[in-house]
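For reference, the structure is listed below as structure tokens.
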Amino acid sequence: MDQQRDLVVRFEGDSGDGIVSMGRIFARAAARTGYHVYTYSTFLAVVRGGQVTFQARISDAPLWSQGSDPHILVALNRQAVAENANQLGKGALVIHPPFGAPCEEIPPDVEVLEIDFKEISESETGGARSKNIAALGVLLGILGFEKDPVAQIVSESFRGKGTDVTTANLNALDAGYEEGAKYAEHGARFSFPSPELRPRLLLSGNEAVALGALAAGVRFFAGYPITPASEIMEWLAGQLPKVGGVMIQAEDEIASLAMCLGASYGGVKAMTATSGPGLSLMIELLGLAGMAELPVVVVDVQRAGPSTGMPTKEAQGDLVLAAYGSHGEIPRVVIAPQTVADCFTQTVRAVNVAHQFHIPVIVLSSQSLSHRMQTIDPPDMSKLEIFEEPIYDPERDKTPFVRYPDTPDGLPVPRSIPGVPGGMYRCGGLEHNELGNPDFDPAVRRRMVSRRLKRMEAIANAFRGKTYRYDTAQATPWGLMSWGATAPVAMEAIRDLEKEGIAIRALLPHVLWPMPENAIRSFLASGIRTLFIAELNATAQFAEMLRAHFTRELLEHGIEVVTITKDEGLPFTPAEISHSIRSHLAKQSVSEVVQ
Numbered sequence: 060m061d062q063q064r065d066l067v068v069r070f071e072g073d074s075g076d077g078i079v080s081m082g083r084i085f086a087r088a089a090a091r092t093g094y095h096v097y098t099y100s101t102f103l104a105v106v107r108g109g110q111v112t113f114q115a116r117i118s119d120a121p122l123w124s125q126g127s128d129p130h131i132l133v134a135l136n137r138q139a140v141a142e143n144a145n146q147l148g149k150g151a152l153v154i155h156p157p158f159g160a161p162c163e164e165i166p167p168d169v170e171v172l173e174i175d176f177k178e179i180s181e182s183e184t185g186g187a188r189s190k191n192i193a194a195l196g197v198l199l200g201i202l203g204f205e206k207d208p209v210a211q212i213v214s215e216s217f218r219g220k221g222t223d224v225t226t227a228n229l230n231a232l233d234a235g236y237e238e239g240a241k242y243a244e245h246g247a248r249f250s251f252p253s254p255e256l257r258p259r260l261l262l263s264g265n266e267a268v269a270l271g272a273l274a275a276g277v278r279f280f281a282g283y284p285i286t287p288a289s290e291i292m293e294w295l296a297g298q299l300p301k302v303g304g305v306m307i308q309a310e311d312e313i314a315s316l317a318m319c320l321g322a323s324y325g326g327v328k329a330m331t332a333t334s335g336p337g338l339s340l341m342i343e344l345l346g347l348a349g350m351a352e353l354p355v356v357v358v359d360v361q362r363a364g365p366s367t368g369m370p371t372k373e374a375q376g377d378l379v380l381a382a383y384g385s386h387g388e389i390p391r392v393v394i395a396p397q398t399v400a401d402c403f404t405q406t407v408r409a410v411n412v413a414h415q416f417h418i419p420v421i422v423l424s425s426q427s428l429s430h431r432m433q434t435i436d437p438p439d440m441s442k443l444e445i446f447e448e449p450i451y452d453p454e455r456d457k458t459p460f461v462r463y464p465d466t467p468d469g470l471p472v473p474r475s476i477p478g479v480p481g482g483m484y485r486c487g488g489l490e491h492n493e494l495g496n497p498d499f500d501p502a503v504r505r506r507m508v509s510r511r512l513k514r515m516e517a518i519a520n521a522f523r524g525k526t527y528r529y530d531t532a533q534a535t536p537w538g539l540m541s542w543g544a545t546a547p548v549a550m551e552a553i554r555d556l557e558k559e560g561i562a563i564r565a566l567l568p569h570v571l572w573p574m575p576e577n578a579i580r581s582f583l584a585s586g587i588r589t590l591f592i593a594e595l596n597a598t599a600q601f602a603e604m605l606r607a608h609f610t611r612e613l614l615e616h617g618i619e620v621v622t623i624t625k626d627e628g629l630p631f632t633p634a635e636i637s638h639s640i641r642s643h644l645a646k647q648s649v650s651e652v653v654q
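Quick look at the structure:
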């Protein structure tokens, strides 16, 4: 029998049953053993009640997505079986406790093991609280995974709760493993090659953003707790003081960005993090950052909106707000990481760009990416490029300080910070002249608007051709674009379609505003006749931006834009995207599909 190359395990049960804990322990153990890991979790915005899902995909090869249907479902309650029955493919395995009646909705070609996790926990610990760890032990025993790495992580996870709690959970793990080993023949078909043993980091997207900020030199963070961005603030609260930095929990999102602008004015690299509701509140201060030319990074971990919406659910609905939100026109950059590794590198890039161009930069993450745990290779810090912003020096520059001169290329001159002799200037939101003094003269206004527009052009020139492009070995009339957390899922869908003989080119930009014009024009001119665009919002925001800015190219090349959208609080799976593409191609002529 051929070995499969990955394993998708879905844990599901009631909120408060420790679903995320058992899933994370499983993921950490797999990563420590050497496997590539990619996780996804979803939960309700309540402390108790409702379903929680944690999906872990592991492989000996790099992973692009959380996968589609689970190979194994570990269900701690009846509802978990009912909700996932239609996603169980042939040969899948369901492990659940006794429910008193058979689960008739489970397809006949799915195998079922009924094991009482609660009883295992009670017999070993005297209570049912460790039933999740007992269930994890059962899974490991069935699969024949090494128990020792998991036991070590269980000890680490419960160390802060005392010896008794740690011992109880280790006993539950042992008993579950022993019970699961009795059914090892049921797990044999899920085996795949042993991993290459090499050091990898297992990080969440939020942790990677925070680490990237620290590496880029951010030494001031102000924020207000908001799901799903709070972990960035929490991580930096513990790490910034170690490097001489400061983290402040502000009274609201407006104050958070205002504090960051104050720190930036003082010459400190500053960042805040929020979600859609917070970004909405920050719009006026984004305008101030643009007018005063203060570099700052705003991380928007998108969630399903509008308003409070669904705080713990996935969406990509903030793109238009991030790209266009402001009264008046300001230079800005919008960057969207696609993977956990990207969360590190693109945050570093955002800080560099903000200080290179003296602008606000918005980093668009999203709920699934922020809470996802993914293995990444440790970044080589010696090769990390950090832009150190030049500061006005009267001894070096030998000229009187002018903060807002009109330069030929639109790029800013070195700014001054408080305390630099001869470097004083007015910094505010009013229209101003070259010295920063408020000035409403029409001629001055024309000059200032012109220099800001030139700045936008200089920024656009810097990003025209920088993006990821995937070309096929053969000519094809089909192309795909996607962004953010959806991009790698779409990439896996393309690779799945390639196995069916359907070749599709892809362009997956990280910089969404300004749009990478040269890269997009080249892509549109590559023979594409049908362009699929996949994103998690109801109105196809990126597709509409593309249509608005590349109308001539789309018409010139006769390109049909086909949007693949979804807005239900869940990320795409590769199967959903490939199905949408396949369905559209089926409507075209058979000869064109074969060709």
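Counting in my numbering, the sequence shown runs from 60 upward without gaps.
Heads up, the beta-carbon is just placed ideally off N, CA and C, and yes, glycines get one too.
This one's a predicted model, so the numbers in the text were calculated from it and none came from an experiment.
Suppose you measure from the CA of residue i to the CA of residue j; what does that come to, to the nearest Å?
i      : j      : result
ARG259 : PRO438 : 10 Å
VAL79  : TYR283 : 24 Å
SER124 : MET550 : 9 Å
PRO300 : ARG506 : 43 Å
GLN298 : VAL508 : 40 Å
ALA296 : ALA645 : 53 Å
LYS625 : GLN375 : 9 Å
ARG248 : GLU290 : 38 Å
MET60  : TRP537 : The predicted model places MET60 with a pLDDT of 35, which falls under 50 and marks its position as unreliable; any figure quoted below should be read in that light. Spanning the two alpha carbons is a distance of roughly 35 Å.
SER541 : GLN138 : 34 Å
ASP436 : GLY93  : 11 Å
LEU66  : GLY82  : 14 Å
VAL461 : GLU493 : 6 Å
ALA599 : ILE623 : 8 Å
PRO390 : GLY304 : 28 Å
SER250 : LEU202 : 7 Å
ILE579 : PHE631 : 24 Å
THR526 : ALA546 : 12 Å
ALA194 : ILE342 : 47 Å
SER214 : THR225 : 6 Å
ALA86  : GLY337 : 31 Å
VAL652 : ILE640 : With a pLDDT of 48 at VAL652, under the threshold of 50, the modelled position of this residue cannot be trusted; read the value that follows with caution. Cα to Cα, the separation comes out at about 11 Å.
GLY159 : GLU173 : 11 Å
LYS442 : THR404 : 12 Å
PRO459 : THR98  : 56 Å
If contacts are defined as beta-carbon pairs under 8 Å, then residue i and residue j qualify, I think. What distance do you get, rounded to the angstrom?
i      : j      : result
SER585 : ARG564 : 6 Å
LEU262 : VAL399 : 6 Å
HIS608 : ILE587 : Not really, about 17 Å apart at Cβ, beyond 8 Å.
ILE450 : ARG474 : 7 Å
Give me the residue from the options with the minimum Cα distance to residue i.
i      : options                           : result
GLY72  : PHE249, HIS155, THR598 and ILE117 : HIS155
ALA187 : GLY235, GLU447 and ASP468         : GLY235
VAL570 : GLU557, SER581 and GLY543         : GLY543
VAL355 : TRP572, PHE416 and VAL133         : PHE416
HIS95  : ASP76, GLN110, GLY126 and THR112  : GLY126
MET604 : MET574, PHE582 and ASN596         : MET574
ALA317 : ILE285, ALA288 and ALA281         : ALA281
THR367 : GLY203, ILE285 and PRO390         : ILE285
PHE582 : THR531, PRO630 and ARG116         : THR531
VAL393 : PHE403, TYR484 and ASP377         : ASP377
GLU447 : LYS328, LEU423, GLY495 and GLU237 : LYS328
ARG485 : PRO497, VAL171 and ALA409         : PRO497
ILE418 : GLY349, PRO467, ALA519 and CYS402 : GLY349
THR589 : TRP572, PHE601, GLU576 and LEU614 : LEU614
ALA715 : ALA413, GLY364, THR406 and ASP311 : No answer is possible for residue 715: it lies beyond the span of the chain, which begins at 60 and ends at 654.
ILE518 : VAL412, TRP294, ILE313 and GLY200 : VAL412
Taking 8 Å as the cut-off, decide whether the C-beta atoms of residue i and residue j are in contact.
i      : j      : result
ILE165 : LEU152 : no
VAL548 : PHE591 : no
LEU659 : SER637 : Because the chain here runs from 60 to 654, residue 659 falls outside it and cannot be looked at.
GLY469 : ARG528 : no
LEU567 : GLN397 : yes
GLU373 : SER339 : no
GLY15  : SER315 : Beyond the ends of the chain as shown, which are 60 and 654, falls residue 15; an answer cannot be given.
SER180 : ALA231 : yes
GLY271 : SER429 : no
ALA275 : VAL358 : no
LYS190 : PHE204 : no
SER100 : VAL268 : no
Please confirm whether any heavy atom of the ligand ATP lies closer than 7 Å to the CB of residue i.
i      : result
GLU255 : The ligand content of the structure shown is nil, which means the ligand ATP is not present either.
As an exercise, report each continuous beta strand (DSSP E) stretch of at least 3 residues that is fully enclosed by the region 206–285, in chain order. The region 206–285 contains these whole beta strand (DSSP E) runs: 260–263 and 279–282.
List in chain order: all unbroken alpha helix (DSSP H) runs of 4+ residues lying wholly within the region 93–174. Runs of the alpha helix (DSSP H) inside the region 93–174: 137–143.
Where in the region 359–405 do unbroken runs of the beta strand (DSSP E), each at least 3 residues long, occur, reported from the N-terminal end onward? Segments of the beta strand (DSSP E) lying fully in the region 359–405: 392–394.
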